[in-house]
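A.B. asks:
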Amino acid sequence: MEFSFLQPKQNNFINIIIRDHVIRMVELKSLDPLTVKRTNERFLPPNIIRDGKIVDENVFRLILEECVEDWGLKRKHVRFVVPDQYVVTRKLTIPSNIMDDEIIGHLYLELGSTIHLPFEDPVFDVHVLHRSEKTELVLFASPEEVVTQMSTLLEESKLKPAVADVSSLCLYRLYYEFGQRNEQDHLLVVHFDVSCITLSIFVNHVPVFMRTVAFPQDMKVWEVSVTNTQLEWAGDIVQFNVFLEDFIVEVERIMNFFRYSLNQGNEEIKRILLHGDHPNFPLILSKLREKISVKVDTFEQVVYTQDQDTVDPKYYYSLGLALKEVQ
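Per our numbering, the very first residue in the sequence shown carries number 1; after that it's consecutive.
#1: Would you check if the region 105–124 and the region 134–152 touch, i.e. whether three or more CB-CB distances between them fall below 8 Å?
#2: If we count Cβ pairs, one from each stretch, closer than 8 Å, do we get three or more for the region 234–250 versus the region 211–226?
#3: Using only CA atoms, which one of S132, L137, E133 and V294 lies nearest to H106?
#4: For V36, I'd like the list of residues in its chain whose CB is within less than 8 Å of its CB, leaving aside the five on either flank, ordered along the chain.
#5: Evaluate contact between the region 127–137 and the region 147–166, counting only Cβ atoms and requiring at least three cross-stretch pairs below 8 Å.
#6: Compute the beta-carbon to beta-carbon distance between E156 and R24, rounded to the nearest angstrom, for a pair I have assumed lies under 8 Å.
#7: Is V146 close to chain D, meaning its C-beta is less than 8 Å from at least one C-beta of that chain?
#8: Rounded to whole angstroms, what is the Cα-Cα separation between K270 and Q184?
#9: Just list the residues that DSSP pairs C196 with in beta bridges.
#10: Anyone know if the C-beta pair for I98 and V126 falls short of 8 Å?
#11: Please determine, among A164, E110 and T152, the residue with the shortest C-alpha to C-alpha distance to T322.
#12: Is it buried or exposed for R253, if we count other Cβ within 10 angstroms and need 16 for buried?
#13: With C-beta atoms as the reference, is V194 less than 8 Å away from L231?
#14: Are V78 and L154 touching if we call contact CB-CB under 8 Å?
#15: According to DSSP, is D32 helix, strand or coil?
#16: Smallest Cα separation from E223: which of D277, V55 and T298?
#17: Less than 6 Å between C-beta atoms, sequence neighbours within five positions excluded: which residues of the same chain meet that for V59?
#18: Please report the distance separating the alpha-carbon of L171 from that of L109.
#19: Identify, in the order they occur along the chain, each residue of the same chain with its Cβ nearer than 6 Å to the Cβ of M255, setting aside the five sequence neighbours on each side.
Written out as structure tokens, the structure reads:
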């Protein structure tokens, strides 16, 4: 099983994001102009999904089946995202005489010798950076068990899983679509939601580094609003500020790692993109801009539905998934 499968017609896709706390769906009306046909979300009870792993399949299946029924998704082709906690990237070089259609097979042969992953039975995808005396590429890998579990649950709920993607690519894809990308700047994408933080470094449109930061249990304190439409922070804001200070130190450490360990001081992060649905997002943005010397962006462009309503930015992650195979 691979990350990408047979590609059905673009407008037949439903784009589903599944996180520890929520299921969100976006369906596009058109690509030019970028217009959304509809959005839906369903918040999940605690401990149905934990750290990206579906731990209560029976309850999750019931909830997913309700979503499929209520949202009219039966027999729709679906794009979905592999949980960040189970995605590994590696920058590799292989012999230049290995052709594109032979790369995946070659990488499987190298498992355990020149390629070491923190799990067995991986699923691969690759992006070739350039060819010369050696072929340089970026490897994306996830445990086959995780991808298969999600795909099977989607199929059992009367959906047709077609494409699996990576969250940072979804966000970068939309950033690029909005024209905010400066081609000369190396970009750090920070995806900050209530259950997980993912940091990804992009060079020439490709993520060359990914790292997830787990929340301490006492930071996973949120609740759904009375209207069932928004997340609200229910924890100690002083403790959250302490966590935020430590997180910013981690951001600086990763930026220094990229500059000095990976590039010997010759390259550096020039820009950060911050996105997420955390209730304290304004505070997170303010602290990053205060403490970090580089420019910190958020998504600037407004997207509209076919009824001319504005799309809530919490759906932008799913919107970036909807652009897969387009650009």
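For glycine and all other residues, C-beta sits at the position ideal for the given N, C-alpha and C.
C.D. replies: Reading from the atomic positions:
#1: yes
#2: yes
#3: L137
#4: V26, E27, L28, K29, V303, Y304, T305, Q306, V311, Y315 and L319
#5: no
#6: The pair is not a contact, with the Cβ atoms about 20 Å apart (cut-off 8 Å).
#7: In the structure shown, chain D cannot be found, because there is only a single protein chain.
#8: 9 Å
#9: A214
#10: Taking 8 Å as the Cβ cut-off, I98 and V126 do not qualify as a contacting pair.
#11: Note that residue 322 is Ala in the sequence shown here, rather than Thr. It is A164.
#12: Under this definition R253 is an exposed residue.
#13: yes
#14: yes
#15: DSSP, read as helix, strand or coil, puts D32 in coil.
#16: That would be D277, whose Cα lies nearest to the Cα of E223.
#17: If the five residues before and after V59 are omitted, its C-beta is found closer than 6 Å to the C-beta atoms of I48, all from its own chain and listed in chain order.
#18: 32 Å
#19: Answer for M255: I269, listed in chain order.
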